Amino acid sequence: MTSKGLKHNASLGIARYLAWVSLVLVLCLSVVLAIVFGNTARESLISKQRSFAGLLAENLNHQIFIRFTLPTAVGFGRIALGQPAQYERLDQVVQTLLHGMHVHSLRIFSQTGMVTYSAANKDEVRSEAFVTPSVTEAAASADKAIFDIDAALPYWEAFFRFRLEPGTFYLRTTYPMRIDNRLGSSEPSGALLGVLEFSQDITSDMAAVIKFQWSIIGIMLASALLLFLLLIFFLRRAEAALALRMDEEQRLLRELHQHEKLAGMGRVVAGIAHEIRNPLGIIRSSAELLLRRQKDADTANTKILEAIFDESRRLSQVVSDFLDYARPRQPAQQPVDLDRVLREVSAFLEAELAQRGTTLAVEFPPDAASFVVAGDKDLLYRAFYNILINAMQAVGKGGELRVTARWMHEDGRELAVLSFSDTGPGFPPGDRERLLDPFFTTKDGGTGLGLPIVNNIITSHGGSMALADAPEGGALVRVTLPAMAES
Ligand code: ADP
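Everything in the sequence shown is counted per the working numbering, starting at 52 for the first residue and increasing by one.
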């Protein structure tokens with residue numbers, strides 16, 4: 052992996068780590084917020100309930116005093132709830148007052164903590180079992196209500212309950228019943244008559260608070276999850292893109308190494324080839340000389356000399372092809388008339404074409420401007436020669452070769468397009484990509500350097516070469532060369 056790839060990978064790793072950390076943070080935060088908001092909501096709910104219960108306690112005290120205590124004291128001389136008539140009277144007053152008030156239970160305690168009245172269950176009367184610390188405290192206080200919550204479950208447990216049964220949470224209010232000051236008693240808070248205690252079911256309000264807390268957690272969780280998923284999605288995409296880029300980088304690096312290796316090898320081989328060329332030339336010309344001297348003698352030595360001459364000539368061709376490929380020369384920049392070059396090649400090949408029974412037609416449009424490009428006449432000659440030799444070797448007896456020319460306009464450039472087609476079998480189908488690789492050949496005596504040399508020459512002229520199938524069968528080599536810039 053490259054250092055750039057490593058750096059990208061490290062930053063993606065950090066981003067992934069941050070994504071997880073932020074998810075955990077947001078989750079913790081949502082729980083903390085839910086607790087804080089929920090507690091605030093619960094506190095304000097309870098304080099609202101308390102003030103309501105406090106008012107209710109005051110009102111009950113007042114009403115009981117007016118409607119029961121005063122008339123009873125006047126009528127009976129003293130208050131004695133042990134008397135059924137008084138008890139009934141109080142019960143009537145209380146039941147009327149509690150109507151529609153959602154009060155679950157109401158008790159009145161004596162100063163000693165004994166139940167003297169119970170709205171819900173008369174059997175509780177005279178029992179001391181119901182006294183609570185709040186009752187004792189209320190008995191000792193002036194006229195302050197004391198509030199307690201009676202919970203069937205701890206709050207956290209209720210938090211995880213799907214449904215809360217009615218009666219799970221009660222708000223219990225304990226209030227000292229005194230002679231009502233508002234009636235003009237001399238004492239600041241009146242004499243204590245007993246302690247009033249009543250409970251209200253606040254389960255449904257608590258359930259609403261719990262539901263509110265869950266909605267906060269739910270909303271925070273959903274948004275955190277959404278953010279997290281988005282982050283992970285983009286991270287994945289970035290990772291995939293990075294992996295692709297790294298693969299590509301590695302491929303390019305491998306190719307570069309390969310090219311460097313090949314280029315190094317090519318330089319060595321080209322050096323050797325260069326050294327071989329001269330002695331080879333001497334061998335060839337010596338063989339030719341000896342052959343000429345032995346011209347008429349058809350001896351075994353002549354055959355050997357012929358073999359030496361043929362092979363050294365072939366070897367020379369390979370060496371010079373290889374050097375042409377490995378050390379391409381910079382093309383000259385002269386005006387070159389393509390029509391003329393092609394006719395020269397065609398004249399050179401004429402004898403061999405005739406011998407093989409092959410025809411070559413070079414067709415330039417008569418009315419078009421002359422096909423002049425800036426380039427190297429010798430190199431272009433070499434390129435067209437290679438293409439036509441290949442075509443000639445590909446077609447059998449009676450085969451036809453054709454060269455056509457036209458002008459083409461592309462990206463504001465004027466291009467000369469030469470199409471070389473033949474009636475041969477066409478390029479070998481599976482090897483189309485390898486045809487431009489040096490040394491790729493399907494011929495017995497081939498060097499596999501013909502097309503790579505053509506390609507080098509054409510590209511060094513700023514042109515391009517394409518290999519295709521001719522529409523009427525056979526091979527099609529399309530060469531494109533930029534027109535000579537007008538001066
Ligand atoms: P060589 O001629 O020494 O084989 P080239 O590079 O010129 O080397 O050609 C490579 C291969 O391309 C040939 O061996 C042949 O298979 C294929 N080829 C080239 N020209 C033609 C053509 N006109 N028709 C069919 N195949 C061709």
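Backbone N, C-alpha and C define an ideal beta-carbon position, used for all residues, glycine too.
If you're wondering where the values come from, they're calculated on a predicted model, not measured in any experiment.
With distance defined between alpha-carbon atoms, name the residue in the options nearest to residue i.
i    : options                : result
F415 : N112, E403, L389, A425 : L389
S255 : P489, A534, A209, I270 : A209
L340 : W207, F360, A108       : F360
E290 : D520, M535, A66        : A66
S397 : M297, W71, N437, H113  : N437
F103 : E175, S250, L430       : S250
V246 : V182, V320, L304       : V182
P382 : A442, D199, S511       : S511
With residue i as the anchor, note down where its beta strand (DSSP E) starts and where it stops.
i    : result
F471 : 464 to 473
M228 : 220 to 229
M516 : 515 to 520
T498 : Where T498 is concerned, there is no enclosing beta strand (DSSP E), given that its DSSP letter is neither H nor E.
S169 : 166 to 169
A526 : 526 to 533
D199 : 197 to 202
F160 : 154 to 160
Under the rule that 16 or more other beta-carbon atoms within 10 Å means buried, what is residue i, buried or exposed?
i    : result
T350 : exposed
F471 : buried
E238 : Residue confidence is low: E238 scores 44 on pLDDT, short of 50, so the model does not pin down where it sits. No coordinate-derived value is stated.
I504 : buried
F399 : exposed
I115 : buried
T123 : buried
V421 : Rather than Val, the amino acid found at residue 421 in this sequence is Ser. With fewer than 16 other Cβ atoms within 10 Å, it is exposed.
D482 : exposed
T5   : What is shown of the chain runs 52 to 538, which leaves residue 5 out entirely.
Give me the Cα-Cα distance between residue i and residue j, rounded to the nearest whole angstrom.
i    : j    : result
L106 : I267 : 33 Å
P386 : G513 : 14 Å
G499 : F285 : 50 Å
R485 : F491 : 7 Å
S236 : G218 : The predicted position of S236 is uncertain, since its pLDDT is 46 and thus under 50; a value taken from the coordinates is nonetheless stated next. Each residue's Cα considered, the two are about 39 Å apart.
R177 : K99  : 33 Å
Y68  : I261 : 33 Å
S192 : F263 : 37 Å
L204 : L215 : 10 Å
Q137 : D201 : 31 Å
A61  : L74  : 20 Å
E94  : P227 : 25 Å
T353 : P330 : 21 Å
L157 : K173 : 11 Å
I159 : G151 : 20 Å
D375 : D462 : 32 Å
G269 : S161 : 50 Å
P379 : E523 : 34 Å
N506 : A321 : 19 Å
A171 : R140 : 15 Å
V154 : V145 : 11 Å
Which first and last residues belong to the alpha helix (DSSP H) in which residue i is found?
i    : result
S397 : 389 to 407
T492 : T492 -> no alpha helix (DSSP H), and no H or E assigned at all.
L272 : 254 to 344
L149 : 135 to 149
S371 : 351 to 377
S421 : Segment: none, S421 is in no alpha helix (DSSP H) and carries neither H nor E.
V413 : Here V413 belongs to no alpha helix (DSSP H); instead the beta strand (DSSP E) covers 410 to 414.
E188 : 184 to 191
L452 : Counting along the chain, L452 falls outside any alpha helix (DSSP H), though it belongs to the beta strand (DSSP E) covering 451 to 461.
F435 : 428 to 445
E208 : 206 to 210
The region 443 to 461 in contact with the region 401 to 410 per 3-pair CB rule at 8 Å: They touch, by the three-pair rule.
Meets three-Cβ-pair contact criterion under 8 Å: the region 330 to 344 and the region 359 to 366: The region 330 to 344 makes contact with the region 359 to 366; the number of CB pairs closer than 8 Å reaches 3 or more.
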